[in-house]
Amino acid sequence: QKRDERTLKNTDVKVVDFGNAIYDHEHHTSVVSTRHYRAPEVILELGWNQACDVWSLGCILIEYYLGLTLFQTHDSKEHLAMMERVLGPIPSSLLQKTKKRRYVRHGRLDWDEHNSSGRYVRKHCKPLKQYMSSKSTEHEQLFDLMHKMLEYDVSKRITLEAALRHPFFDPLKGKKK
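For the sequence shown, full-length UniProt numbering begins at 1 and goes up steadily by one.
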């Protein structure tokens, strides 16, 4: 299968729209982030902090890599099912804490893989490493970084500072623009 190759002419990134930005001491609304980049703790209404931005950036990195949105859905339970398909089961510790009980059954995500939505998820999502188009060091490092950014457990998710020190970015060190 031939891959649709697209090359960016300009790799500059512009960060815009800080409309929902808040300080740590300000009120945190229950839902934040663009739907497709929303972290599991936000969907499960477990509270959030800057770690949800790391998750969002992980989603954006995989989108740049694939040329398409990884979690293309407008339904929260389907979104969680997509995460499980790509990243493995959501830890029961997270599911036990959520007030969104309709998402959970017997300590697991309540998801029917055999209905139309389940078939859609199975067809359009696969484990993260299976999206890797090369086994080169750069690809391995990028996928390692994305895996650390898409960690379910907020306490284990890589911080932005640590992400910038990840070996994937080593070739950029020392380069001035």
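Where is the CB? At the ideal position from N, CA and C, for every residue including glycine.
Source: prediction; values computed, not measured.
(1) Between which two residues does the alpha helix (DSSP H) harbouring Pro40 extend?
(2) Quick one: what's Leu109 bridged to in DSSP?
(3) Among residues of its own chain, excluding the 5 on either side of Pro167, which ones have a beta-carbon nearer than 6 Å to its beta-carbon?
(4) Beta carbon of Val42, beta carbon of Trp48: below 7 Å?
(5) Report all residues from its chain with a CB closer than 6 Å to the CB of Lys148; omit the five preceding and five following residues, and keep chain order.
(6) Once the 5 residues before and after Leu145 are set aside, which same chain residues still bring their CB inside 6 Å of it?
(7) Let me know if Leu8 comes out buried or exposed under the rule of 16 or more other beta-carbons within 10 Å of its beta-carbon.
(8) So which of Leu95, His114, Cys125 has the shortest CA-CA distance to Leu44?
(9) Using beta-carbon positions only, say whether Leu109 and Ile90 come within less than 7 Å of one another.
(10) Go ahead and pull the three-state DSSP assignment for Lys156.
(11) Take the Cβ of Arg38 as the centre, count every other Cβ of all protein chains shown within 10 Å, and call the residue buried at 16 or more, exposed below.
Once the coordinates are examined:
(1) To locate residue 40, count along the sequence shown from 1; it is residue 40. Start and end: 40-43.
(2) As a working mapping, residue 109 is identified with position 109 in the sequence shown. Paired residues: Val104.
(3) Counted from its first residue, the sequence shown places residue 167 at position 167. Counting only Cβ-Cβ distances below 6 Å, and skipping sequence neighbours, we find Gln141.
(4) As a first step, residue 42 must be located in the sequence shown, where it is residue number 42. As a first step, residue 48 must be located in the sequence shown, where it is residue number 48. In this structure, Trp48 lies closer than 7 Å to Val42 by Cβ.
(5) The sequence position of residue 148 within the sequence shown is 148, counting from 1. For Lys148, where only same-chain residues beyond five positions count, the Cβ hits under 6 Å are Ile158.
(6) Counting from 1 along the sequence shown, the entry for residue 145 is found at position 145. The beta carbon of Leu145 sits closer than 6 Å to the beta carbons of His166, Phe168 from its chain, once the five residues preceding and following it are set aside; these are given in chain order.
(7) Against the sequence shown, residue 8 aligns to sequence position 8. By the 16-neighbour rule on beta-carbons within 10 angstroms, Leu8 is exposed.
(8) Start at 1 with the first residue of the sequence shown, and residue 44 comes out as number 44. Distances from the CA of Leu44 to each of Leu95, His114, Cys125 were compared; the closest alpha carbon is that of Leu95.
(9) Position 109 of the sequence shown, counted from the start, is the residue given in the question as residue 109. Position 90 of the sequence shown, counted from the start, is the residue given in the question as residue 90. For Leu109 and Ile90, yes; Cβs fall inside 7 Å.
(10) In the sequence shown, residue 156 corresponds to position 156, counting from 1. For Lys156, the three-state secondary structure derived from DSSP is coil.
(11) As a working mapping, residue 38 is identified with position 38 in the sequence shown. Buried, by the Cβ-count rule.
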